[in-house]
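*Asks:*
Numbering (this note's numbering), first residue to last: 1439 to 1559.
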């Protein structure tokens, strides 16, 4: 939130900063999500015309997508004291992240012709 809105480290941020950062993401960025890596890579391929049937990149991308994206054992339950502390300190960034996830779905429909059902699957 702070980076997108060019706010200084000392600035106090509020909901207006989240709104501005959300507008910037929506109007200036293609949102990609780590936990939606296969779809995100497909979007990049489509956007930049990267797909070439005779290219080794398909094999490379396929290999990368087969690897686990996150170690589930490293994710703590949201009801832990540490989660409560971190989420309190990063509340605005969490709001922006939730907005980015919505933008990802909207862009799937608007830019990449994906229906909402395609994105949920």
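Cβ coordinates follow ideal geometry from the N, Cα and C atoms, glycine included.
On the three-state DSSP scale, how would you describe residue 1478?
*Replies:* As a first step, residue 1478 must be located in the chain shown, where it is residue number 40. Helix at residue 1478.
*Asks:* Expressed to the nearest angstrom, what Euclidean distance is found between the alpha-carbon atoms of residue 1485 and residue 1538?
*Replies:* Numbered from 1 along the chain shown, position 47 holds the residue referred to as residue 1485. Numbered from 1 along the chain shown, position 100 holds the residue referred to as residue 1538. Roughly 19 Å between the two C-alpha positions.
*Asks:* Candidates 1458, 1527, 1479: which alpha carbon is nearest residue 1501's?
*Replies:* Position 63 of the chain shown holds residue 1501. Here the closest residue by C-alpha is 1479.
*Asks:* Can you tell which of 1467, 1476, 1454 has its C-alpha closest to the C-alpha of residue 1544?
*Replies:* Numbered from its first residue, the chain shown carries residue 1544 at position 106. It is 1467 whose Cα lies nearest to the Cα of residue 1544.
*Asks:* What's the gap between the Cα of residue 1471 and the Cα of residue 1542?
*Replies:* Along the chain shown, one-based indexing puts residue 1471 at 33. Along the chain shown, one-based indexing puts residue 1542 at 104. Rounded to whole angstroms, residue 1471 to residue 1542 spans 8 Å at the Cα level.
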